[in-house]
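**Student:**
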Amino acid sequence: MSQVNAIGLNSAKSDDIVKSLNTLLSSYQIQYMNARGFHWNIKGRNFFELHVKFEEIYNLLLLKVDEVAERILTLDGAPLHAFSDYLEVSKIKEAKGISDGVTAVENLLAGYSTLIHMQRDILNQAGDADDEGTASLMSDYISEQEKLVWMLKAYLD
21 MSQVNAIGLN SAKSDDIVKS LNTLLSSYQI QYMNARGFHW NIKGRNFFEL HVKFEEIYNL
81 LLLKVDEVAE RILTLDGAPL HAFSDYLEVS KIKEAKGISD GVTAVENLLA GYSTLIHMQR
141 DILNQAGDAD DEGTASLMSD YISEQEKLVW MLKAYLD
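Each residue of the sequence shown is one higher than the one before, counting from 21 in this note's numbering.
(1) Going by C-alpha distance, which of Asp141, Ser133, Tyr175 is nearest Glu164?
(2) Nearest to Gln49 by CA position, among Lys84, Phe58, Ser40, is which residue?
(3) Label Asn144 either buried or exposed according to how many other C-beta atoms from any shown protein chain fall within 10 Å of its C-beta, with 16 as the threshold for buried.
(4) For Phe103, count the other beta carbons within 10 Å of its own beta carbon; 16 or more makes it buried, fewer makes it exposed. Which is it?
(5) Using 8 Å as the threshold, is the stretch 59–79 in touch with the stretch 31–45, meaning 3 or more CB pairs across them?
(6) Could you name the residues of the same chain whose beta carbon sits closer than 7 Å to that of Ser64, not counting the 5 residues immediately before and after it, in chain order?
What follows is the structure, encoded as structure tokens:
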């Protein structure tokens, strides 16, 4: 018989989900820092609207960083917390020296597309493990970010 964790889920499946969530956490941290850098460094005609939008985006990302880390802990895992680990594990790359609005929005759009793909994979993993908590979290993130992707694309068109 397989082992279960404190919340009644298969421990081995939860360990696999924790690994995926740590990759997601790392990717969120890099997306957060990218958005923060865009907020600080944006220049040009659309400065005022993008400066405010990038702040909104990085605040949303920061909330998710905390929620993902807490979900990892709920599954009896340990969230990564060193930036060197984030850089090693993240599926999103650092964006440096970007002050152009279009380039920044394109970068955020690519990052969100990556996050959505990862979250769909975790949603499937969670479904296979009967992990409703993780599945619900991923479903909520996907819904929110699909709308944001649409808006970012509309901005670029």
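We treat Cβ as the ideally placed atom computed from N, Cα and C, and that holds for glycine.
**Tutor:** Walking through what the data contain:
(1) To locate residue 164, count along the sequence shown from 1; it is residue 144. Residue Ser133 is the option with its Cα nearest to Glu164.
(2) Position 29 of the sequence shown holds residue 49. Residue Lys84 is the option with its Cα nearest to Gln49.
(3) Counted from its first residue, the sequence shown places residue 144 at position 124. Using a 10 angstroms sphere on the CB of Asn144, the tally of other CB atoms stays under 16, which defines it as exposed.
(4) The residue given as residue 103 occupies position 83 in the sequence shown. By the Cβ-count criterion, Phe103 is exposed, with fewer than 16 other Cβ atoms from all chains shown falling within 10 Å of its own Cβ.
(5) No, because fewer than three Cβ pairs between the stretch 59–79 and the stretch 31–45 fall closer than 8 Å, the two stretches do not touch.
(6) Within the sequence shown, residue 64 is the residue found at index 44, counting from 1. The sequence given here has Gly at residue 64, not Ser. For Gly64, where only same-chain residues beyond five positions count, the Cβ hits under 7 Å are Asp120, Gly121.
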